[in-house]
Structure formats: C-alpha cells, structure tokens
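Peer 1:
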Amino acid sequence: YNEKRISVQNEDGTKVEYRVWNPFRSKLAAAILGGVDNIWIKPGAKVLYLGAASGTTVSHVSDLVGPEGCVYAVEFSHRSGRDLVNMA
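Mapping to UniProt numbering: the sequence shown position 69 is 69, numbers consecutive.
(1) Can you tell me the Cα-Cα spacing of residue 21 and residue 60, whole angstroms?
(2) Should residue 65 and residue 45 be called a contact, given that it needs their Cβ atoms to be closer than 8 Å?
(3) Span of the beta strand (DSSP E) holding residue 71?
(4) Report the option in 4, 13, 9, 10 whose CA atom is closest to the CA atom of residue 23.
(5) Can you list, in chain order, the residues of its chain with a C-beta nearer than 6 Å to that of residue 62? Leave out the 5 residues immediately preceding and following it.
(6) Pick from 27, 30, 54, 67: whose alpha carbon is nearest that of residue 42?
(7) Please classify residue 14: is it buried, with 16 or more other beta-carbons within 10 angstroms of its beta-carbon, or exposed?
(8) Kindly indicate the opening and closing residues of the alpha helix (DSSP H) around residue 47.
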C-alpha cells in the first residue's frame with residue numbers, strides 16, 4: 001500500500017529495512033501506539049486475524065510472527081476476500 005520504509009544500519013554494518021505501520025490505517029497499530037501492552041503477537045505465534053479487509057494490518061502481523069509463525073486471515077466481504085487472495 002506504498003508505505004514508507006526506514007533503513008537502519010546495524011553495528012556489524014548490515015542494513016535492515018523496516019516498514020512504517022500507520023496507526024491511521026490500522027486499529028491494531030493505533031492500539032499499540034495508544035499503550036496496549038499484551039497483544040500476544042510475537043515471533044513464532046499463530047494468529048487468527050478476523051476482518052482482514054485489504055490486508056494492510058495482516059501483512060504487518062505476518063512480519064511480527066516471522067517465518068516460524070502463521071497468520072490465518074479471515075474476511076467476510078467477497079470483494080475484500082477476493083483482493084486478499086489475488087495479493088497472496
């Protein structure tokens with residue numbers, strides 16, 4: 001969704017790129033920014049995400065759980081669901 005990216009150089013000289021998670025486009029990002037502490041989403045977690053819509057937040061949750069985790073995204077709307085399948 002054309003989010004901004006930030007590059008950071010590690011101490012060993014390698015660069016890591018992060019995507020900016022916009023709290024105005026994601027209720028979960030807004031909740032975290034607002035101080036919610038225990039979201040229980042961490043590397044290796046299995047997450048059931050209800051109301052995936054366009055997949056913006058789902059993609060960030062996927063980044064959080066990493067390659068060892070899994071995100072099951074559910075969307076009731078036919079149009080949004082179709083768009084998610086086409087994006088996957």
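We put the CB at the ideal spot given by N, CA and C, even for glycine. Small disclaimer: the values here were computed from a predicted structure and weren't measured.
Peer 2: Taking the coordinates as given:
(1) 7 Å
(2) yes
(3) 70-74
(4) 4
(5) 71
(6) 67
(7) exposed
(8) Counting along the chain, residue 47 falls outside any alpha helix (DSSP H), though it belongs to the beta strand (DSSP E) covering 46-50.
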